[in-house]
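In the working numbering, the protein residues as written are 1007 to 1139.
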């Protein structure tokens, strides 16, 4: 069986195999600087560079029961919700690149598809991560 780990967030892998798929899309990282603005009488304000701000990362993840190999979509959502609630930092590793240590700041949950019994079989999660410093 072919199995490829694309990356990890803590102990949670992003992977793709012939049996199951749990990957991300639209990964975006933001790097910012911090500036203080000092008012000057009769002139424009003066900016002072203070230093780097915390990085942020966002990405989406599609959860599809047909691609999760017997894991209910609701169970997968629960795993990520528990990570959010714990508020602990984890290393984000993508394709061999250590992107840093991050906490989950928010998860937007969009449940899209349901069975006739109301069981979610397709959802998209959008993650917002903040660098742990």
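Think of the CB as a built atom: it goes at the ideal place given N, C-alpha and C, for glycine as much as any other residue.
Check, Outcome
"Cutting at 6 Å between CB atoms, please list the residues of its own chain near residue 1036, excluding the five before and the five after it.", "1062"
"Within the chosen definition, does the stretch 1053-1069 reach the stretch 1037-1045 through at least 3 CB pairs nearer than 8 Å?", "yes"
"My parser needs the alpha helix (DSSP H) runs of 4 or more residues fully inside the stretch 1010-1093; what are they?", "1079-1092"
"Quick check: residue 1010 and residue 1097, are their CB atoms within less than 8 Å of each other?", "no"
"For the candidate residues 1065, 1046, 1120, whose alpha-carbon lies nearest to that of residue 1013?", "1065"
"Let me check understanding here. Comparing Cα to Cα, which of 1052, 1080, 1138 lies closest to residue 1121?", "1080"
"Ignore the nearest five residues each way along the sequence and tell me which others in residue 1018's own chain have a CB closer than 6 Å to its CB.", "none"
"Buried or exposed: which applies to residue 1007, given that a residue is buried once 16 or more other Cβ atoms fall within 10 Å of its Cβ?", "Bear in mind that a pLDDT of 43 at residue 1007, under 50, signals an unreliable position, so the number given afterwards is only what the model happens to contain. Exposed, because fewer than 16 other Cβ atoms sit within 10 Å of the Cβ of residue 1007."
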